[in-house]
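Those sequence lines, one after another, are chains A and B.
Everything in the first sequence is counted per numbering that gives the first Met the number 0, starting at 0 for the first residue and increasing by one.
Everything in the second sequence is counted per numbering that gives the first Met the number 0, starting at 0 for the first residue and increasing by one.
Yeah, the Cβ is synthetic: ideal placement off N, Cα and C, and Gly gets one too.
Predicted, not measured: the structure shown is a model, and the values here were computed from it.
Protein chains: 2
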Amino acid sequence: MKIETKIAHFQKPLYLESGRILEPWHIAYETYGELNRDKSNVILITHALSGSHHAAGRYPGDRKPGWWDGLIGDGKGIDTRKYFVICTNVIGSCFGSISPISPIYPGSSQEYRLKFPVITIKDIVKAQKILLDSLGIRRVRAVIGGSMGGMQALRFGVDFPNFADILIPIATTYQTRPYVIAINKAMSEAIKGDPRFKGGYYDKEQVKKEGFPGLATARMIGYLNYLSPATFDRKFGRNYVKTDGMFQLWGRFQVESYLEYNGNNFPKWFDPLSYIYLLKAISLFDIGRGYSSLLEAFSQIRSPLYLISFTGDTLFFPEEMRQIKKYMDIVGGKCRLFEIESDYGHDSFLVEISKFDYLISEILEKGLEKRK
Amino acid sequence: MKIETKIAHFQKPLYLESGRILEPWHIAYETYGELNRDKSNVILITHALSGSHHAAGRYPGDRKPGWWDGLIGDGKGIDTRKYFVICTNVIGSCFGSISPISPIYPGSSQEYRLKFPVITIKDIVKAQKILLDSLGIRRVRAVIGGSMGGMQALRFGVDFPNFADILIPIATTYQTRPYVIAINKAMSEAIKGDPRFKGGYYDKEQVKKEGFPGLATARMIGYLNYLSPATFDRKFGRNYVKTDGMFQLWGRFQVESYLEYNGNNFPKWFDPLSYIYLLKAISLFDIGRGYSSLLEAFSQIRSPLYLISFTGDTLFFPEEMRQIKKYMDIVGGKCRLFEIESDYGHDSFLVEISKFDYLISEILEKGLEKRK
């Protein structure tokens with residue numbers, strides 16, 4: 000599988016939903032496989048909150064491959080012998096695209112920080128569309144993504160009805176529920192309330208070296224809904240760390256040690272401000288904003304919609320995906336819903352790949368046949 | 000209804016499960032109604048994490064009455080014309096009982112802080128038992144409590160089999176699941192990770208006056224499971240604060256404003272260290288500790304057990320209460336389970352009182368008849 004990582008720079012302004020403008024701006028992306036002559040084999044992968052454009056393959060020396068490596072590759076569910084796969088790092092994220100820690104002007108030592116504009120899923124999608132246009136790709140076979148990535152897939156369907164042959168939003172919603180907004184708020188406050196945040200002007204290197212407990216706590220809060228209660232049971236039980244005292248105040252159950260490890264590691268590879276900005280984008284997500292109703296929004300969608308949800312998802316409930324199906328039925332859109340049995344929790348879309356990779360492969364094949 | 004608030008002081012050592020000793024120690028408690036001549040009309044109420052001995056009635060000038068005022072009072076579910084109700088502040092909590100912010104020696108300016116011993120639900124129950132003994136109360140009609148209060152009710156049944164005629168644990172579990180331990184961990188880390196915590200030696204007055212974002216965040220994390228997703232929908236929807244900008248980074252949905260308000264208020268009335276110690280007690284809770292099996296523990300219980308759970312409880316799931324019923328059935332114990340339809344969430348035991356107050360009243364009457 001051929002992998003390429005690039006950053007595309009744009010001098011033309013990016014007009015945002017907020018009315019603000021990013022100019023210039025840049026976006027990082029990665030591609031897998033080869034673009035065919037008529038550019039008709041493109042699949043766009045959209046990532047989740049802490050994801051990146053590095054969806055598959057391995058960089059030299061890396062312990063772990065990209066976040067959807069189980070799904071994307073030669074002979075895999077998304078077969079890179081057949082498809083040219085693109086994954087971008089969403090704007091606002093900290094893996095190479097323009098974000099709160101980018102310089103305000105190229106070469107400037109002054110970074111946006113809190114002056115970075117609030118971005119939305121609509122903006123994220125728009126930026127990706129401009130990138131693909133610049134690559135001469137006007138249409139893709141499919142947009143596929145889970146969680147925040149699924150929001151992007153839906154948004155593509157509504158905002159650019161002729162862009163994708165097929166949309167596959169996974170483990171997502173059409174409108175972020177107040178429950179999830181509340182989770183995002185707790186995470187955001189954990190970061191902002193940490194004095195190390197310094198009103199957004201924290202020292203980036205210091206955060207990586209010395210840690211950032213507020214961001215670590217935020218990550219721990221996330222895990223409470225990424226995994227399901229049943230997964231916590233299976234993975235950890237009530238096992239205690241062998242060398243910790245049961246009646247020591249800081250003695251730990253194994254589940255606590257797991258959260259500590261993953262929480263404390265998080266600031267080493269994710270930026271606090273990017274996290275806050277992307278949480279905001281997720282909270283603001285409402286496929287109906289700008290339309291007189293949700294139905295009007297859904298009626299924009301021209302591509303067949305294949306929804307995949309997981310029964311044990313406690314972040315974006317299967318009911319929410321069923322609701323999308325209902326709306327699509329009402330507006331007469333093509334839509335199928337696959338509800339996958341899994342009690343793993345929200346992270347099923349990352350972990351239980353073997354339960355839906357064959358499905359994606361089938362949808363892609365079938366979708367191709369039906370293409371006009 | 001006659002209300003009395005007192006603090007009982009004990010010079011004799013309190014031997015804790017950890018092997019540590021509290022000496023001297025004290026416990027705050029409140030009583031409602033009047034003790035009859037043969038002391039046979041006592042009901043013990045056990046409180047939850049952020050509760051106190053102030054379960055009912057109103058102190059002069061108070062805006063809100065005690066936390067279970069809807070249930071306890073003249074003519075209410077727990078009728079104070081008939082019963083003498085006692086509620087203690089658990090040891091470790093910050094409303095007048097011995098806790099991490101108590102002086103190590105009476106009159107000393109040195110407080111326990113992190114030198115306070117880890118306490119368990121077993122210790123909490125033991126202290127209450129000693130208090131009741133000192134009041135000449137050897138047996139009670141019932142122990143009734145929700146959440147952490149339900150753990151205490153169960154613990155009373157196992158540790159003091161001849162103490163209560165009836166046990167009514169509500170919205171609780173027999174063994175804290177790793178999922179809840181994970182929630183507790185995130186809350187505990189939010190507090191500990193805040194530099195204002197100062198290794199436990201924070202300035203108490205400063206916390207009250209200037210706030211303590213770590214504890215505020217912990218409280219917000221709590222709300223994510225005290226209310227259900229459905230309650231978040233009903234209470235807030237996706238309404239935005241009218242005067243906040245949609246595309247302002249710190250602009251707020253109403254649910255965020257609610258969390259902020261309740262989170263930021265929390266440090267004004269609850270102590271950070273008490274919170275950490277009580278979270279630890281909840282995480283450590285396992286009715287089977289000290290027994291060779293859960294069944295052996297449950298077989299200690301002699302009192303009829305009336306369990307009340309709520310279908311929408313996402314903290315202590317109804318399944319966990321059903322499991323208690325199964326264990327009791329296996330060991331041949333008297334047990335009934337009432338599963339109350341409510342999608343309010345864990346806080347149903349505080350909020351949906353009209354759905355179970357009549358039940359408690361009936362159980363108390365029936366229990367009285369059956370008393371040998």
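Residue i and residue j closer than 8 Å at C-beta
i	j	result
B/Arg321	B/Gly199	no
A/Cys372	A/Ile44	The structure shown has nothing for residue 372 of chain A, since chain A only spans 0 to 371.
B/Gly18	B/Phe83	no
A/Ser282	A/Val330	no
A/Ile123	A/Ala280	yes
A/Arg218	A/Phe252	no
B/Ile190	B/Tyr274	yes
A/Asn88	A/Ser133	no
A/Thr172	A/Phe315	yes
A/Glu188	B/Pro212	yes
A/Tyr343	A/Thr230	yes
B/Ile307	B/Ile167	yes
A/Glu16	A/Lys121	yes
A/Gly56	A/Ile2	yes
When the options are compared against residue i, the one with the closest alpha-carbon
i	options	result
B/Phe235	B/Met186, B/Ser256, B/Trp249, B/Ala54	B/Ser256
B/Ala375	B/Ile123, B/Lys324, B/Ile42, B/Met0	This structure leaves residue 375 of chain B out entirely; chain B is present only between 0 and 371.
A/Ala47	A/Thr172, A/Ser146, A/Asp122, A/Gly72	A/Ser146
A/Ser101	A/Pro160, A/Leu21, A/Gly213, A/Leu258	A/Leu21
B/Ser292	B/Ser308, B/Tyr326, B/Pro303	B/Tyr326
B/Cys334	B/Ile300, B/Phe309, B/Asp73	B/Ile300
A/Ile129	A/Tyr260, A/Leu363, A/Pro12, A/Gln247	A/Pro12
A/Glu351	A/Ile359, A/Leu358, A/Asp158, A/Ser341	A/Ser341
B/Phe159	B/Phe284, B/Ser302, B/Ser39, B/Val254	B/Ser302
B/Asp356	B/Gln109, B/Ile220, B/Ile169, B/Tyr201	B/Ile169
B/Pro99	B/Gly244, B/Asp37, B/Lys203, B/Thr4	B/Lys203
B/Leu131	B/Lys354, B/Leu336, B/Asp328, B/Tyr28	B/Tyr28
B/Ser107	B/Phe337, B/Pro23, B/Ile339	B/Pro23
A/Lys207	A/Ile220, A/Val179, A/Gly262	A/Gly262
B/Pro317	B/Gly332, B/Leu336, B/Leu304, B/Asp328	B/Leu336
B/Thr30	B/Gly221, B/Tyr14, B/His53	B/His53
A/Asp37	A/Tyr276, A/Arg138, A/Glu319	A/Arg138
A/Lys125	A/Gln109, A/Pro116, A/Gly148, A/Arg154	A/Arg154
Residues sharing a beta bridge with residue i, DSSP
i	result
B/Leu166	B/Val142, B/Leu304
B/Val84	B/Tyr31, B/Ile42
A/Gln174	A/Asp285
B/Leu13	B/Leu21
B/His8	B/His25
A/Tyr239	A/Phe252
B/Met2	The sequence given here has Ile at residue 2 of chain B, not Met. Note: B/Ile2 sits in a beta bridge opposite B/Tyr31.
B/Ile71	B/Ile77
B/Thr265	First, the residue type needs correcting, since residue 265 of chain B is Phe and not Thr in the sequence shown. Answer by DSSP bridge pairing: none, since B/Phe265 is not bridged.
A/Phe309	A/Ile339
Extent of the continuous alpha helix (DSSP H) run through residue i
i	result
A/Ile323	317-329
B/Arg233	228-235
B/Lys38	That residue, B/Lys38, is in no alpha helix (DSSP H); it is neither H nor E in DSSP.
A/Leu214	212-225
A/Gln151	147-158
A/Glu351	It is not in any alpha helix (DSSP H) - A/Glu351 carries neither H nor E in the DSSP assignment.
B/Lys207	203-209
A/Lys63	First-last for A/Lys63: undefined, no H or E at that position.
9 Å Cβ cut-off: residues of chain A touching residue i
i	result
B/Leu294	In chain order: nothing, as chain A lies at least about 17 Å away.
B/Pro23	None at all; the shortest Cβ gap to chain A is about 21 Å.
Endpoints, the beta strand (DSSP E) within which residue i is located
i	result
A/Ala27	24-31
A/Glu338	334-339
Contacts of residue i in chain B (Cβ-Cβ under 9 Å)
i	result
A/Pro194	Asp193, Pro194, Arg195, Pro212
A/Asp232	Arg176, Pro177, Tyr178
Interface residues of chain B facing residue i [CB-CB closer than 8 Å]
i	result
A/Ala215	Glu188, Gly192
A/Gln247	Val117
A/Arg112	Per Cβ cutoff of 8 Å: no residues; A/Arg112 is ~10 Å from chain B at best.
7 Å Cβ cut-off: residues of chain A touching residue i
i	result
B/Ser282	Phe252
B/Ser17	Phe246
Chain A residues whose Cβ lies nearer than 8 Å to that of residue i
i	result
B/Asp243	Those do not exist, as B/Asp243 stays about 12 Å from chain A at its closest Cβ, beyond 8 Å.
B/Ile120	None at all; the shortest Cβ gap to chain A is about 13 Å.
Residue i at chain D interface by Cβ criterion, 8 Å
i	result
A/Leu153	Of the protein chains in the structure, A and B, none is chain D.
Neighbouring residues, chain B, relative to residue i (Cβ below 7 Å)
i	result
A/Gln322	Going along chain B, no residue has its Cβ under 7 Å from A/Gln322, so there is no contact; the nearest lies around 12 Å.
A/Glu255	Ile180, Lys184
The ligand HEM heavy atom lying under 7 Å from the CB of residue i
i	result
A/Lys234	Absence of the ligand HEM is noted for the structure shown, with no ligands found whatsoever.
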